[in-house]
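K.L.:
Input: one structure, supplied below.
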């Protein structure tokens, strides 16, 4: 599926297409070229040893082979890079090449002015990545087990809190329980499980009404607390993703009704997931429930996304979302956000199958804890 | 210094120029346009509330203002994005605009075919970012304090090990001490300190001879152990960076001599750092020491780099490295890597001043622990 001539230049820490293709993890930029049946890696000299050991590519060259230091001295850093790439393409007899959409425009312009035809294409690798192998699904399950352990540690902590003047009290310290402390408990659980995490959300009250607000400060009784955890296994690099929303005390009827609507929307969306249904149809199922309940305007994001080497990847479960395939791993996470009342989101991680889906999320969905 | 017309579209989690400029942290792509004295942010609708609260831009629009959903349905995701951008530029009367080098070529091509002139420029913001404000230096110091606490926890653990059949033995478990365990101790210290970290290196023996090998498995006596820690403060988003190399037992004379050469190279490089000296001159100082000691070929990376919102940023302390300015925060980290003997790297984090530098690194540099 990859075009016969395909060029990527990036850091594989950020660019998961590049990591997926090469299985070489490097913080600095390196080059991957597919030319016919050949695959070439070009790395900084300091990465040569590791690239030989870790990457799946056998033809590995270094920028030193193309005298990068001389070029740096003579032409400066930007031009040195494009000159090295230009020479490599020339050596390989390549005159036109496909690049991903996000290929840097400066480098594309330089190569074009050297006479190469550069054609941006929608990443064929992103498409490949969206259907997971059995091994990848095992890694995601392993990540999800850690994610659930972390979620359980957070919910258990919140469940054990006391209440004083409307604020949740940490039973350990007898001090108000803050979002930050719950987040630390989550992150320690993840680290002990071999995961790293960034951006964990523990958002209560008004913070929860912004879907990407990470949350800070004291957590309060009667308010919803959105807990969204998306760890990555450090060795295997695969993500998991889940969200639960909980409350202590007696949430208002308005909030409880929102919770039930989200749960219904999620159930409806989960119910239509299977091979051959589009991501947009799954999203429509969630939207339909909200529409009927009079909440449609409070649902301001898509219903889900693929999960793998990126926490957000294909397929898209929203408007324009593509046809689902067996082996997609996706989230189903409808939510409602009311600036006055608060926010609710419930998110499961599922593997798409021919006849439905396998839900990797086992923690219950009770609102009150 | 920013061009009068400047356009960025990216996620500010990955693109620190965008975060620096807007102070709005978002995992999904959003747009920043500077047009004369005006600054415009365009975010997905779900981010509007948070963008209003958190960003420093007052003119905030959403893709919904440009009917993105309609466009998605009619033209698909790729074209919908460029059409929205096109409309915004048109509304603002912009016909030509500068973009950073790494602006996506697909989007540039689409805008060009809509008649806009798109000129990639070396990011002016990256240059701004390289000179830190007093506040930024405080954040980096705070991050470095956590980094040192983590380094100390690792060194203390290694110092307390027993030795059995050439392997370091964890005094707690009486089991062999693995790189992974030391890394967990480091990461727990960092989390408790409000930091996150990715890619921490604890590499012993042959692993240490590859500068980016994270290290795994049992640590051995008489071998060098490279510990490289680069945490980021979760709230403030600023990095620190430091490396120490330690050994237990009786390292070979060859390894000890390498250690001394690295320490000398670092001392020499630190000695020339001040405003008005170039990054290349600092690198040359380190190279000179290695040259004289007959080690030049084993020094396969640059001497250092700027540290801030990115762990690697300007200025570059290597070939082609620019003139240093007061307020640059840089690492000085020469290293030697011999596949047979092992690796040594010593890294300090310093603030460039008019007359020299302020070293933010206080942990000693003894090899044997």
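Protein chains in written order, with my numbering: chain A, 318 to 686; chain B, 318 to 686.
The C-beta atom is built at its ideal place from N, Cα and C for all residues, glycine as well.
What you are looking at is a predicted structure, and each value in this text was computed from that prediction instead of being measured.
1) Contact criterion: CB-CB distance below 8 Å. Does residue 325/B meet it with respect to chain A?
2) What residues in the region 588-617 of chain A have a beta carbon less than 8 Å from any beta carbon of chain B?
3) In chain B, which residues lie with their C-beta within 8 Å of the C-beta of residue 688/A?
4) For the 8 Å Cβ check, are there 3 or more pairs between the region 364-381 of chain A and the region 523-532 of chain B?
5) Quick one: what's got a C-beta closer than 8 Å to residue 679/B's C-beta in the same chain, skipping five residues either side?
6) Kindly say whether residue 686/A, judged by its beta-carbon, lies nearer than 8 Å to any beta-carbon of chain B.
7) Can you round the beta-carbon distance between residue 539/B and residue 568/B to whole angstroms, since I take them to be within the 8 Å contact cut?
8) Taking Cβ-Cβ distances shorter than 7 Å, what residues in chain B pair up with residue 665/A?
9) Looking only at its own chain, which residues have a Cβ that is under 6 Å from the Cβ of residue 631/B, when we skip the five neighbours before and after it?
10) Using a Cβ-Cβ cut-off of 8 Å, state whether residue 363/B counts as contacting chain A.
11) Could you check where the alpha helix (DSSP H) with residue 674/A kicks off and where it finishes?
12) Here's the rule: buried if 16 or more other CB atoms are within 10 angstroms of the residue's CB, otherwise exposed. What is residue 645/A?
13) Counting only Cβ pairs nearer than 8 Å, list the residues of chain A close to residue 331/B.
14) Given 8 Å as the limit, is there contact between the region 639-654 of chain B and the region 607-624 of chain B, that is, 3 or more CB pairs closer than that?
15) Which stretch, first to last residue, makes up the beta strand (DSSP E) that contains residue 337/A?
16) Out of curiosity, what's the CA-to-CA distance linking residue 613/B and residue 571/B?
17) In this structure, does DSSP put residue 529/B in helix, strand or coil?
18) Do we get a CB-CB distance below 8 Å when we pair residue 632/B with the residues of chain A?
19) So what does residue 389/B bridge to, in DSSP terms?
20) Are the C-beta of residue 318/A and some C-beta of chain B separated by less than 8 Å?
21) Could you confirm whether any beta carbon from chain B is found closer than 8 Å to the beta carbon of residue 659/A?
22) Could you name the residues of chain B that residue 516/A contacts, counting a contact when the two beta carbons are closer than 8 Å?
23) Taking 8 Å as the threshold (beta carbon to beta carbon), is residue 355/B in contact with chain A?
24) Where does residue 513/A fall in DSSP's three states?
25) Pull up the DSSP beta-bridge partners for residue 325/B, would you.
26) Among all the DSSP beta bridges, which residues are the ones paired with residue 688/B?
27) In chain order, what are the residue ranges of uninterrupted beta strand (DSSP E) at least 3 long that sit wholly in the region 616-645 of chain B?
28) Could you give the first and the last residue of the continuous beta strand (DSSP E) run that contains residue 359/B?
29) Please classify residue 363/B: is it buried, with 16 or more other beta-carbons within 10 angstroms of its beta-carbon, or exposed?
30) Starting from the C-beta of residue 573/A, find all residues in its chain whose C-beta is less than 8 Å away, skip the five residues before and the five after it, and write them out in chain order.
31) Which residues of chain B have a Cβ atom closer than 8 Å to the Cβ of residue 501/A, listed in chain order?
32) If we cut at 8 Å on Cβ distances, does residue 530/A have a partner in chain B?
33) I'd like to know whether the C-beta of residue 425/A is nearer than 8 Å to at least one C-beta of chain B.
34) Between the region 466-478 of chain A and chain B, which residues of the former have a C-beta closer than 8 Å to a C-beta of the latter?
35) Does residue 640/A pass the burial test, meaning 16 or more other C-beta atoms within 10 Å, or should it be called exposed?
36) Determine the chain B residues that contact residue 513/A at a beta-carbon separation under 7 Å, and present them in chain order.
P.N.:
To lay it out plainly:
1) Taking the first residue of the second chain as position 1, residue 325/B is located at position 8. False, the Cβ-Cβ gap to chain A never drops below 8 Å.
2) In summary, the residues of the region 588-617 of chain A whose CB is separated from some CB of chain B by less than 8 Å are 617, in the order they occur in the chain.
3) Since the first and last residues shown for chain A are 318 and 686, residue 688/A lies out of range.
4) With the cut-off at 8 Å, the region 364-381 of chain A and the region 523-532 of chain B touch.
5) Here the question's residue 679/B lines up with position 362 in the second chain. Excluding its 5 nearest sequence neighbours in each direction, residue 679/B has C-beta neighbours in its own chain below 8 Å: 465, listed in chain order.
6) Residue mapping note: residue 686/A aligns to position 369 of the first chain, counting from 1. Contact with chain B is absent for residue 686/A, since none of that chain's Cβ atoms lies less than 8 Å from the residue's Cβ.
7) Position 222 of the second chain, counted from the start, is the residue given in the question as residue 539/B. Position 251 of the second chain, counted from the start, is the residue given in the question as residue 568/B. Going by Cβ atoms, the distance from residue 539/B to residue 568/B rounds to 5 Å, so yes, they are a contact pair.
8) The residue labelled residue 665/A in the question sits at position 348 within the first chain. Within chain B, no C-beta atom comes nearer than 7 Å to that of residue 665/A; the closest sits roughly 20 Å away.
9) Locating residue 631/B in the second chain gives position 314, where the first residue counts as 1. Excluding residues within five positions, the ones whose Cβ falls inside 6 Å are 443, 447 and 623.
10) Along the second chain, read from residue 1 onward, the residue named residue 363/B stands at position 46. Residue contact with chain A for residue 363/B: present (Cβ-Cβ distance below 8 Å to some residue of chain A).
11) Along the first chain, read from residue 1 onward, the residue named residue 674/A stands at position 357. Looking at the DSSP string, residue 674/A is not in any alpha helix (DSSP H); the run it does join, the beta strand (DSSP E), is 674-676.
12) On the first chain, position 328 is the one that residue 645/A refers to. Buried: at least 16 other Cβ atoms inside 10 Å.
13) Here residue 331/B refers to the residue found at position 14 of the second chain. The answer, in chain order, is 331.
14) The region 639-654 of chain B is in contact with the region 607-624 of chain B.
15) For this step, residue 337/A is matched to residue 20 along the first chain. Careful: residue 337/A lies outside any beta strand (DSSP E), inside the alpha helix (DSSP H) at 333-339.
16) Here residue 613/B corresponds to residue number 296 of the second chain, with the count starting at 1. Here residue 571/B corresponds to residue number 254 of the second chain, with the count starting at 1. Going by C-alpha positions, residue 613/B is about 15 Å away from residue 571/B.
17) If you number the second chain from 1, residue 529/B lands on position 212. Of the three classes helix, strand and coil, the one that applies to residue 529/B here is coil, per DSSP.
18) The residue given as residue 632/B occupies position 315 in the second chain. Residue 632/B does not count as touching chain A.
19) Along the second chain, read from residue 1 onward, the residue named residue 389/B stands at position 72. Per DSSP, none; premise fails for residue 389/B.
20) If you number the first chain from 1, residue 318/A lands on position 1. With a pLDDT of only 49 at residue 318/A, under the threshold of 50, the placement of this residue in the model should not be trusted; the figure read from the coordinates follows. It does not; no Cβ of chain B falls within 8 Å.
21) As a position in the first chain, residue 659/A is number 342, starting the count at 1. Taking Cβ atoms only, chain B never reaches closer than 8 Å to residue 659/A, which makes this a no.
22) Stepping through the first chain from its first residue, residue 516/A is reached at position 199. Think of a sphere of 8 Å around the beta carbon of residue 516/A: the chain B residues whose beta carbon falls inside it are 330 and 344, in chain order.
23) Position 38 of the second chain, counted from the start, is the residue given in the question as residue 355/B. Output row for residue 355/B: interface = no.
24) Against the first chain, residue 513/A aligns to sequence position 196. Three-state DSSP puts residue 513/A in a strand.
25) Residue numbering aside, residue 325/B sits at position 8 when the second chain is read from its first letter. 349/B.
26) Outside the modelled stretch of chain B, which goes from 318 to 686, sits residue 688/B, for which no answer is possible.
27) If we require 3 residues or more, the beta strand (DSSP E) runs fully inside the region 616-645 of chain B come out as 621-623 and 630-634.
28) For this step, residue 359/B is matched to residue 42 along the second chain. Residue 359/B -> beta strand (DSSP E) spans 355-360.
29) Here residue 363/B refers to the residue found at position 46 when the second chain is read from its first residue. Looking at its Cβ environment, which holds 16 or more other Cβ atoms inside 10 Å, residue 363/B is buried.
30) Stepping through the first chain from its first residue, residue 573/A is reached at position 256. Counting only Cβ-Cβ distances below 8 Å, and skipping sequence neighbours, we find 684.
31) Looking up residue 501/A in the first chain gives position 184. Chain B residues near residue 501/A: 508 and 509.
32) In the first chain, the residue the question calls residue 530/A occupies position 213. Closer than 8 Å to some Cβ of chain B, the Cβ of residue 530/A qualifies, so yes.
33) Translated into positions along the first chain, residue 425/A becomes position 108. Closer than 8 Å to the CB of residue 425/A there is at least one CB belonging to chain B.
34) Flagged: no residues at all.
35) Mapped onto the first chain, residue 640/A falls at position 323. That one is exposed.
36) Position 196 of the first chain, counting from 1, holds the residue named residue 513/A. Residues of chain B whose Cβ lies closer than 7 Å to the Cβ of residue 513/A are, in chain order, 515.
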